[in-house]
C-alpha cells in the first residue's frame, strides 16, 4: 500500500499567493465591472519589459540550437562554466569578495533553492525563521517533515520564530535558544528592512560559534543603494564558513517569467554527522544538482549572462531605479495618509501598519473593494505580520501614482 | 551544530555520466591526438538541430517579454493552462485517453520529476526498481533516505530489484514480495525493451490489487512505431487509479538543452496514511509545485507547445525517424560483428552483450581506446547491467556509419 508523506497534511490553507488570487477572483465574480480597474501590488511580480540585452542574448542562443554546429544538448547540471564565471566575477570578485566560479550553482529561481537546500540536512536541525517571513521557507520545511503541526493563528511547532517587530526595527534578534539553520532575508521580504553590517557580523559570529549555517536570501540585493549596507553576506569575514547565499535575477533583470537564480555555496562550508564528522557540503550540493537536474535552459543562461554586459548592467540599473522610485512614492503616499510605513528605501516593498479596527486580511479586502488595489495581507507572512500589509513597488509609474491617489481617498 | 543528511554519504562513486566524462577526459589527456576523433554514443544526448517550429516559438515568446503589453512575469507553478491543454489534447485525448488539462504538470525535465515525485511519499514504502535501470531513480531515493547502504558490486539495501535479463527478455517480472512504489521505464533506458500491453496490464492489475503506485517513465515513447505496443500507461484500463506517467521533450523535440518535460498525475490517484485514510495526491502535487517552483520558463513552454503544431509534429517525426534509423544501423552493425544485441527498434538504445573476457567497464575502455567511441558500460545501470554496454543512437548519420565501421574493426 503506497504510504503518503503525511507532513503535507499539516499545511494550513493554501499557499499565500494563490489564496490572494482566489480572493481577487471572488471579488471580480461579484463585481465584474471593476475587472479593468484592478491594480495589483500584491504578489511581488515585475511588470516592466525584460532588458533588451537579455532578450537579444536569449533569441540568439535559441537560434544557436537551430543549427547542428552550434547545437547544445545537456549542459552541466550546475550551469555553464563561463556563465558561472561571469556571475562570480560580476557579483563578487569585482567587489573584492572571494567566490570561485564553481561555488555558483545556477537554478531556475531562488524559490526552489530555498527549499532544495534543506535536502542536504537531517531532520534533527533546529531551524530559525523570522516572523514575518517569505512563506516558501516555512512551507518547504513543513513538507520536508522539519516541523510539527500548525499552531492556531499561524506558524508551526518545532520552528524557532525570530520576531521582527516595530520594537526591534523589524530586525531579527539572535535567539537565546541555540539554533542550527537560520533563514535571513535582506532586504527583507516582506518588511523591506535591510540587515546592517554590524548585525550581520553578529549573526556570522553566532553561526561560527555554534557551527550553525545561515541561509542568506539576497534576492533583492540590487535594491540596496546605501553603500554602507552589505549586499552579500560574504562581505562579512568568516561567512564562507557558515553561509549559503541565494540570489535571483527575478527582481534585478525582471526574470520572474524567464526563471533564473543561483546559490553561492562555498567550498569551506561544512555540516556534521551524528558521529561528529565534519562534511563539506559543496560536493553534496554538486551531486544533488547532477542527480536531480540537467541545468537551466541554455538560452536562459545566456540571458542571465547578458545582464552583466555593459548594456545589461545599465538596463538593470534603470529597472531597479524605476521600481525604487515607485517604492518611494508608495511610502510617501502612505505616510501622507497618516499610516505608519517602513521599507521602500533600498527595497521594493513598503510595510504598512493597518489602521484600527482592521486586521490585515480585513484591510486587504477593504482596499480591494474600496480602491480596487491588491496588496498582501501581512498575516500571510506569519503571526507577527498580523496588523500590517505589504505593498509591492513592482508596477508601472502610472499605476503607482494611481494607487497613491486611490489610497488617499480610502476611508 | 548543523546536522548533515547522512544518506548522501551512502552514494557510491560518482553519478554515472560525469564518471564517463571523467574517464574520457583521462584518455584524452593521455592521447590528445585523438581528441577530434572521439564519437560519443555514451550519454543519450541528442545532436540534431531543434525543430524550427520550437525555435520560432521560443524567439517570438522571448520578444513578447521585451514589451510591456505582452510581458509575462510569474506563470502558474504547474504551467500555462493553454500549454497544458495542448499537451493533454495532443498526447492523450486525441488518442482516446482521458487526461484533463490540469492533470498535466510541466517541469524542466523528467530527471527531476522522477526524484521529486518521491517527496509525496513516506519513507516506509517498499520500492521496486528494475535492474538495470536509469541511475537517477536509485540515486534520488538514496538521497531521500529511502534505502540502506550500498552493496558491494552495486545496488543498495532496502530496494526491491527486479532483474531484467536475457532469460526474461529484459522485462521485469512481477515480484513475489509485495511492493508499494514501482519504477517502470518503457521503452527502457538502458535496454531498449518496450513493455507489451498484456504485461503492462498485469502490472496495473497488481498495483490496483496491492494499492501500489507505478511511476511510468515514458520519456522515449515517441520511438514506439509498432501500433500494438502501448505508448502510455493510461492506455491500460485502471491505470488512472495507480499510475503517474513521466514524459519528456528531450528525445522527441531535441530539448535536452532547452529543458521541458511533464508528469501526468490523475485526480483519481491516491496514497494512504498510516491510519488508513485515503489521500488524493493531485492536490499535494499541485501544492508541491506552487511552493517549490514558479513554473517553467515562459519561452520554453511556448517552444514545447509548438511541437504540437502541424509543422512541429512533422519536424519531431523527422527527428525520431533519423535516430531510429541510426538505432537500426547500430543494432545491425553489432549483430554483423557477431555480438548479441537487443533494442534498437521502437527505442533509441542498443543493448549489447560484451564479448569475453571483458566486463562492461573494461569493454567501455577497450572501445574508447581502440575505436575512439564512447559507449555506456552496462554496469553503470546496476548489477544486472554487468556484461553489457548501451550504445546510444543519438548522433549524426555520418557518425553512426563511422561507429559501425570502427566497431567492425575492433578486436
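Chains as they are written, first to last, in the numbering used here: chain A, 1 to 411; chain B, 1 to 411.
Where a beta carbon is used, it is the ideal one built from N, C-alpha and C, also for glycine.
- request: Anything in chain A within Cβ reach of residue 306(B), meaning under 7 Å, just list it in chain order.
  value: Per Cβ cutoff of 7 Å: no residues; residue 306(B) is ~12 Å from chain A at best.
query: Between residue 246(B) and residue 260(B), is the Cβ-Cβ spacing less than 8 Å?
result: no
query: Would residue 373(A) be called buried (16 or more neighbouring beta carbons within 10 Å of its own) or exposed?
result: Answer is buried; the Cβ neighbour count reaches 16.
- prompt: Which residues mark the beginning and the end of the alpha helix (DSSP H) in which residue 25(A) is found?
  reply: In the DSSP assignment, residue 25(A) falls within the unbroken alpha helix (DSSP H) covering 16-30.
Expected contact under 8 Å - CB spacing of residue 271(A) and residue 251(A) to nearest Å: Contact annotation, residue 271(A) with residue 251(A): C-beta distance approximately 30 Å; criterion of less than 8 Å not satisfied.
task: Using a Cβ cut-off of 8 Å, pull out every chain B residue sitting near residue 274(A), in sequence order please.
output: 3 and 6
message: Can you tell me whether residue 67(B) is buried or exposed? The criterion is at least 16 other CB atoms within 10 Å of its CB, across all chains shown.
response: Per the 10 Å Cβ criterion, exposed.
message: If distances are taken between C-alpha atoms only, which option among 362(A), 353(A), 391(A) and 287(A) comes closest to residue 7(B)?
response: For the residues 362(A), 353(A), 391(A) and 287(A), the minimum Cα distance to residue 7(B) belongs to 287(A).
- prompt: So, is the C-beta of residue 108(A) closer than 8 Å to a C-beta in chain B?
  reply: For residue 108(A), the answer is yes, since a Cβ of chain B falls inside 8 Å of its Cβ.
query: Residues of chain A with a CB under 7 Å from the CB of residue 129(B): which are they?
result: Residues of chain A passing the Cβ test: none, with the nearest at roughly 15 Å.
- request: Locate the beta strand (DSSP E) running through residue 271(B), then write down its first and last residues.
  value: 270-272
- request: Assign residue 267(A) to one of two classes, buried (16 or more other C-beta atoms within 10 Å of its C-beta) or exposed (fewer than that).
  value: exposed
query: What are the residues that DSSP puts in a beta bridge with residue 392(A)?
result: 349(A)
- request: Give a yes or no on whether 8 Å exceeds the smallest Cβ distance from residue 120(A) to chain B.
  value: yes
- prompt: Apart from the five residues just before and just after residue 211(B), which ones in its own chain have a Cβ nearer than 7 Å to its Cβ?
  reply: Hits under 7 Å: 272.
field: chain A residues whose Cβ lies nearer than 8 Å to that of residue 210(B)
entry: 1
Whole-number beta carbon distance between residue 110(B) and residue 217(B), since they are thought to touch under 8 Å: 7 Å
task: Pick helix, strand or coil for residue 136(B), following the three-state DSSP scheme.
output: helix
message: Taking the alpha-carbon of residue 170(B) as reference, which of 411(B), 187(B), 154(B) and 97(B) has the nearest alpha-carbon?
response: 187(B)
field: Candidates 75(B), 306(B) and 227(B): closest to residue 52(B) by CA position
entry: 306(B)
- request: Taking only beta carbons into account, state which residues of the segment 68-100 of chain B come closer than 8 Å to chain A, listed in chain order.
  value: 68, 71, 72, 73, 74 and 75
- request: Tell whether a beta-carbon distance below 8 Å holds between residue 299(B) and residue 304(A).
  value: no
- prompt: Grouping DSSP H, G and I as helix and E and B as strand, with all else coil, what is residue 320(A)?
  reply: helix
- request: Quick one: list the residues of chain A neighbouring residue 141(B), beta-carbon separation under 7 Å, in chain order.
  value: Correct list: empty, because the minimum Cβ distance to chain A is about 10 Å.
message: Within 10 Å of its beta-carbon, does residue 34(A) have 16 or more other beta-carbons around it, so buried, or fewer, so exposed?
response: exposed
query: Taking the Cβ atom as the reference point for each residue, do residue 41(B) and residue 335(B) lie within a distance shorter than 8 Å?
result: no
message: Using 8 Å for Cβ pairs, my map puts residue 44(B) next to residue 363(B). What's the rounded Cβ distance?
response: With 8 Å as the limit, residue 44(B) and residue 363(B) do not qualify as a contact, their Cβ atoms being about 18 Å apart.
query: Touch check for the segment 378-397 of chain A and the segment 342-359 of chain A: three-plus C-beta pairs under 8 Å?
result: yes
query: Below 8 Å between beta carbons: does that hold for residue 265(B) and residue 289(B)?
result: no
- prompt: When DSSP labels each residue in this structure, what does residue 62(A) get in the three-state scheme?
  reply: Looking at residue 62(A) - three-state DSSP - the assignment turns out to be helix.
- prompt: Taking 8 Å as the CB-CB cut-off, is residue 309(B) touching chain A?
  reply: no
message: Please identify the residue among 294(A), 371(A) and 309(A) whose C-alpha is closest to the C-alpha of residue 74(A).
response: 294(A)
Cut-off 7 Å between Cβ atoms - residues of its own chain near residue 235(A), not counting five sequence neighbours on either side: 97
message: Whether or not the segment 134-141 of chain A and the segment 80-94 of chain A are in contact is what I'm after, with contact meaning three or more pairs of Cβ atoms, one per stretch, closer than 8 Å; do they touch?
response: no
- request: Identify each residue in the segment 274-300 of chain A for which the Cβ-Cβ distance to at least one residue of chain B is less than 8 Å, and report them in chain order.
  value: 274, 279, 281, 284, 287, 288, 290, 291, 292, 293, 294, 295, 296, 297, 298, 299 and 300
- prompt: If residue 340(A) and residue 327(A) are in contact, beta carbons under 8 Å, what's the gap, nearest whole angstrom?
  reply: At roughly 16 Å, the Cβ-Cβ gap does not stay under 8 Å, so residue 340(A) and residue 327(A) are not in contact.
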